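This report refers to the structure that appears directly beneath it.
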Amino acid sequence: MLVSIRAVIGRDLRLAMRRQSDIIAALFFFIIVVSLFPLGVGPEADQLRRLAPGVLWVAALLATMLSLPRLFADDHRDGTLEQLALAPQPLALIVFGKVIAHWLVAGLPLVLLAPVLGIQFDLANDALAILALSLLIGTPALSGIGAIGAALTLGVRGGGVLLSLLVLPLYIPVLIFGAGAVDATLSGLGAQAHLSLLGALTLGGVFFAPWPTAAALRIALE
Amino acid sequence: MSERVINWFKYASPQTFYPLAGKLIPWFWALAAIFGLAGLTIGFLLAPTDEQQGEGYRIIFLHVPASWMSMFIYLVMAFWAGTGLAFNTRLSGMMASALAPTGALFAFLSLWTGALWGKPMWGTWWVWDARLTSELILLFLYIGFIALQAAIDDPRRADKAGAILALVGVVNVPIIYFSVKWWNTLHQGASVSLTKAPSMAAMMLWGMILCALGCWMYSIAVALMRVRTIMLERERHTDWVRSVLGEKE
Amino acid sequence: MHWNNVADFLAMGKHGPYVWGSVIVMALLMVAEPVLLRRGRKKLIARLKRQFRVERSETPADSRPMIVPTGRSNT
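Residue numbers (the working numbering), protein chains in the order written: chain U, 44 to 265; chain P, 8 to 256; chain H, 309 to 383.
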């Protein structure tokens, strides 16, 4: 079981490495969106500090969305997906592997980049650490939930926009607890509760989302 | 017992459900009119003034039923979606797609009447209260469902994809509600709590219940109308549609 | 009866515009929905009948491609 998950992850990572421009484009999207906000609302440090958690988290949601349409589309086009669906391993397991690969490619770079961008917003060190931690805990849920949307819109016209319409409302809890964790640190309350709830969301998202995703993929393949 | 099961599956086929729905629709319209008029009469003509909120509170006779309906319809929709996935019946998917626009309508009405209620009561059209925010997200979920179904040409696939989305949504609605509530208590954005109902006289309660029943009947009637159209559209290649339209050779 | 006269009823304390704004929009939409459904259904039936007529008059020898408007009207 572990072997097949690892095989899927390895394969998806190799494929992603061949299209590094996609990853880099999503990262720059993240950087640009975050950098636009100070230009929009003004450079007052107090205000920026208050906006930072929300801005960084919303930008992270949007950046994750960018790479979601590719999650299954390429495999669908060249017929790999059909073979995976016929494989002896449960499809949900393969989806699980793909979700992890997606997170490694789309989520993890955001985690590493966010503290740097947080400096632009005058965040203190402890807030920066919590920001990175909250993204580390929360972004896997984004990949997991997003996979459901990606599978549902597979091969559907207007897929990209539709995908964001379906997935963004479902991201709201992650956004609330993720940005809330940083917020709580800023106001000196401690982020423990937020981070625990975020962890629960991620566990739920990553371990339960592959099942509806697999079901949606089978429907798309019919 | 077995007789009931057979009956159930008999009416689960579009061919038999179509004329049945046609016969039921006028009855549901009549009930909707009776309940609605009775509820509005009590709410707008007979119920006393609320001592805290003045006459403006009468909006709740519209607002609360609309909010209830928007939530119930989502549950019913998800129920049909689930049955459709589990038993692969054609009717279930059609019922789910027939309910979605009506649910979205009530979610919108709930927001609209809520805003018009909020303005005189708290001096603002919108507060980021947990309930209002959840209702807004519910509207988004409806719109996602409708958009997904509209984007898929094959109706069978549209049904199934919509069903998965509706079920995922149903699991998520409580999580969203809880998280929004949590967020709300931390930020204390809304200084007024919607949860504190005005001291409700028995007459007000009856007015609200009757209005809600009227909305129920309305929803059933409209959903049946819509499902009949969907049936004709989807089953247009079958003999029963031809004979219904009087085109039997 | 709670109200003394029609003017009081329409004024709704000071909240007339809010109350009637809710009532009117809700009533309009709840009338519009079935009316639109009825119209959509009539259109669909007319289209299907036309289609059936075309199919019946069409002889097998006639291999001209027939353009029949079809489309989803799920709403």
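We treat Cβ as the ideally placed atom computed from N, Cα and C, and that holds for glycine.
Here the structure is a predicted model, which is why all the values come from computation and not from measurement.
query                                                                                                                          : result
Three-state class that DSSP yields for Arg65/P in the structure shown                                                          : helix
Sequence-distant residues of the same chain with beta carbon closer than 6 Å to Thr196/U, five excluded per side               : Gly202, Leu205 and Leu206
Best match in Asp89/U, Pro152/U, Leu156/U and Met108/U for proximity to Pro212/U [C-alpha to C-alpha]                          : Met108/U
Chain-ordered neighbours of Ala258/U on chain P, where CB pairs are closer than 7 Å                                            : Ile171
Partners in chain P for Glu341/H, counting only beta-carbon separations shorter than 8 Å                                       : Pro108, Thr109, Leu112 and Val229
Residues, ordered as in the chain, of the stretch 215-243 of chain U that lie near chain P by beta-carbon distance below 7 Å   : Ile215, Pro216, Ile219, Phe220 and Gly223
Rounded separation between Arg49/P and Leu217/P - CA only                                                                      : This sequence places Ile at residue 49/P; Arg is not what is there. Those two C-alpha atoms are separated by around 9 Å.
Inter-residue Cα distance where the pair is Ala315/H and Leu44/P                                                               : 21 Å
9 Å Cβ cutoff, Asn95/P in contact with chain U                                                                                 : no
Beta-carbon contacts of Lys188/P that lie in its chain and below 6 Å, excluding the five residues immediately before and after : Ala137
Contact test: Thr48/P Cβ vs the ligand NAD heavy atom, cutoff 8 Å                                                              : Ligands displayed in this structure: none; no statement on the ligand NAD is therefore possible.
Cβ pair count under 8 Å reaching 3, the stretch 168-184 of chain U against the stretch 233-248 of chain U                      : yes
Inter-stretch contact (C-beta, 8 Å, three-pair minimum) for the stretch 84-102 of chain U and the stretch 161-175 of chain U   : yes
Proximity of Gly141/P and Ile183/P at Cβ, strictly below 9 Å                                                                   : Per the sequence shown, the amino acid found at residue 141/P is Ser instead of Gly. Yes, the Cβ-Cβ distance between Ser141/P and Ile183/P is below 9 Å.
Ala252/U in three-state terms, based on DSSP                                                                                   : coil
Cβ separation of Met334/H and Leu69/P, assumed to be a contact under 8 Å, to the nearest whole Å                               : 5 Å
Enclosing alpha helix (DSSP H) for Met211/P [first to last residue]                                                            : Ala209 to Arg241
Length-filtered (4 minimum) alpha helix (DSSP H) runs lying within the stretch 57-119 of chain U                               : 63-84 and 88-110
Chain-order list of residues whose beta-carbon lies under 6 Å from that of Leu201/P (same chain, five-residue window excluded) : Reliability fails at Leu201/P, whose pLDDT of 46 lies under 50, so the model's placement of it is uncertain and no value is given.
CB-CB length for Ile137/U against Val51/U, believed under 8 Å                                                                  : 5 Å
is_contact[Ser365/H, chain P] using C-beta, thresh 9 Å                                                                         : no
C-beta neighbour in chain H for Arg163/P, strict 9 Å                                                                           : no
Local Cβ density within 10 Å of Ala28/P, reported as buried at 16 or more and exposed below that                               : buried
Expected contact under 8 Å - CB spacing of Leu147/U and Leu56/U to nearest Å                                                   : 6 Å
Under 7 Å by beta carbon: chain H residues contacting Lys126/P                                                                 : Tyr326
Nearest-angstrom Cβ-Cβ length linking Leu260/U and Ala194/U, presumed shorter than 8 Å                                         : 5 Å
Burial state of Gln126/U (16 or more Cβ within 10 Å)                                                                           : exposed
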